[in-house]
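Top line first, the protein sequences correspond to chains B and R. For the first sequence, position 44 (counting from the first letter as 1) is numbered 58 according to this note's numbering, and the numbering increases by one without interruption. For the second sequence, position 23 (counting from the first letter as 1) is numbered 24 according to this note's numbering, and the numbering increases by one without interruption. We put the CB at the ideal spot given by N, CA and C, even for glycine.
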Amino acid sequence: NAGVTQTPKFQVLKTGQSMTLQCAQDMNHNSMYWYRQDPGMGLRLIYYSASEGTTDKGEVPNGYNVSRLNKREFSLRLESAAPSQTSVYFCASSELLDRGVGYTFGSGTRLTVV
Amino acid sequence: GNSVTQMEGPVTLSEEAFLTINCTYTATGYPSLFWYVQYPGEGLQLLLKATKADDKGSNKGFEATYRKETTSFHLEKGSVQVSDSAVYFCALSAIRGGSQGNLIFGKGTKLSVKP
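#1: With 7 Å as the C-beta to C-beta threshold (strictly closer), list the residues of the segment 78-110 of chain B near chain R in chain order.
#2: To the nearest whole angstrom, what separates the beta carbons of residue 36(R) and residue 20(R), a pair I think is in contact under 8 Å?
#3: Taking contact to mean at least 3 C-beta pairs separated by less than 8 Å, is the segment 37-44 of chain R in contact with the segment 75-91 of chain R?
#4: Residue 106(R) versus chain B: which residues are under 7 Å apart at the beta carbon?
#5: Give me the chain B residues within the contact set of residue 76(R), using Cβ-Cβ distance strictly less than 9 Å, ordered along the chain.
#6: Under 6 Å Cβ to Cβ from residue 34(B), same chain only, skipping five residues before and after it: list those, please.
#7: Determine which residues of the segment 67-96 of chain R have a Cβ less than 8 Å from any Cβ of chain B, and write them out in chain order.
#8: Nearest by alpha-carbon distance to residue 95(B): which of 66(B), 18(B), 23(B) and 79(B) is it?
#9: For residue 31(B), which beta-bridge partners are listed by DSSP?
#10: Rounded to a whole number of angstroms, what is the C-alpha to C-alpha distance between residue 107(R) and residue 31(B)?
#11: With 8 Å set as the bound, which would you pick, yes or no: does the beta-carbon of residue 110(R) sit closer than that to a beta-carbon of chain B?
#12: Report the CB separation of residue 105(B) from residue 51(B) in whole angstroms; it is logged as a contact under 8 Å.
#13: Exposed or buried, residue 50(R), counting other C-beta atoms within 10 Å across all chains shown (16 or more means buried)?
#14: Give the secondary structure of residue 85(R) by DSSP, where H, G and I count as helix, E and B as strand, and everything else as coil.
#15: When DSSP labels each residue in this structure, what does residue 94(R) get in the three-state scheme?
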């Protein structure tokens with residue numbers, strides 16, 4: 015099915031370990047996003063990429079880096095994981111950065127840092 | 002700045018009850034408004050949207066009307082089913098969202114429907 019694919023679905027890391035969350039979309043969308051979801055906090059934007067070759071910080075970028083590898087793929091890297099990064103991470107994409115078109119979300123990565 | 006406030010949950014209803022989830026917003030200009038739904042263990046799915054004042058978005062029996070005068074976009078359904086149990090997010094799309102990005106979410110309202 016067309017959409018946004020995230021891997022892995024679950025991950026447990028030890029404090030200080032690094033990992034990369036992968037995201038790919040097959041809808042030919044220009045813009046891609048990484049969010050984290052925490053209880054009572056809603057969704058908060060970590061980083062976004064308006065188009066291939068560009069990335070920008072969102073509301074909570076500290077401790078993360080991103081790479082827009084090509085139009086399809088947008089990865090999120092944790093260089094040194096901390097317990098505060100325990101969360102559910104969602105990747106999303108949209109045709110354009112705004113214009114009210116709505117976003118398509120992946121099914122999420124549940125990350126636990128111990 | 003831009004923000005979305007929605008009613009706190011959880012909301013528990015019996016099957017066939019009427020549902021209202023309140024959502025109000027603050028934004029400059031004329032944002033588009035959305036309701037997303039998240040079923041257990043899944044990502045968010047677009048439920049409905051409205052792009053200008055007085056528009057009504059509808060889908061799967063859910064409705065919401067863009068009310069500019071009250072800056073609201075309340076979600077309603079006349080008769081809920083057990084399968085509607087999920088978390089519902091109100092969101093707005095701002096033209097210049099800054100570090101929050103262009104799609105700004107409320108904190109979500111968890112709905113549980115009992116048979």
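According to the structure shown:
#1: Taking 7 Å as the Cβ-Cβ cut-off against chain R, the residues of the segment 78-110 of chain B that qualify are 104.
#2: Rounded, the Cβ-Cβ distance is 12 Å, inconsistent with contact.
#3: With a cut-off of 8 Å, the segment 75-91 of chain R and the segment 37-44 of chain R count as touching, because enough Cβ pairs lie within range.
#4: Result: 56 and 57.
#5: The CB of residue 76(R) never comes closer than 9 Å to any CB in chain B; the least such distance is about 16 Å.
#6: Counting only Cβ-Cβ distances below 6 Å, and skipping sequence neighbours, we find 89 and 91.
#7: Answer in chain order: 90, 94, 95 and 96.
#8: Taking the Cα of residue 95(B) as reference, the smallest distance to any Cα among 66(B), 18(B), 23(B) and 79(B) is reached at 79(B).
#9: In the DSSP output, where bridge partners are listed per residue, residue 31(B) has none listed.
#10: Between residue 107(R) and residue 31(B), the C-alpha separation is close to 32 Å.
#11: Between residue 110(R) and chain B, the shortest Cβ-Cβ separation is not below 8 Å.
#12: Contact flag wrong, Cβ pair sits at about 12 Å.
#13: Burial is judged here by how many other beta carbons sit within 10 angstroms of a residue's own beta carbon; residue 50(R) has at least 16 and is buried.
#14: The answer is helix: DSSP assigns residue 85(R) an H, G or I state.
#15: Three-state result, residue 94(R): strand.
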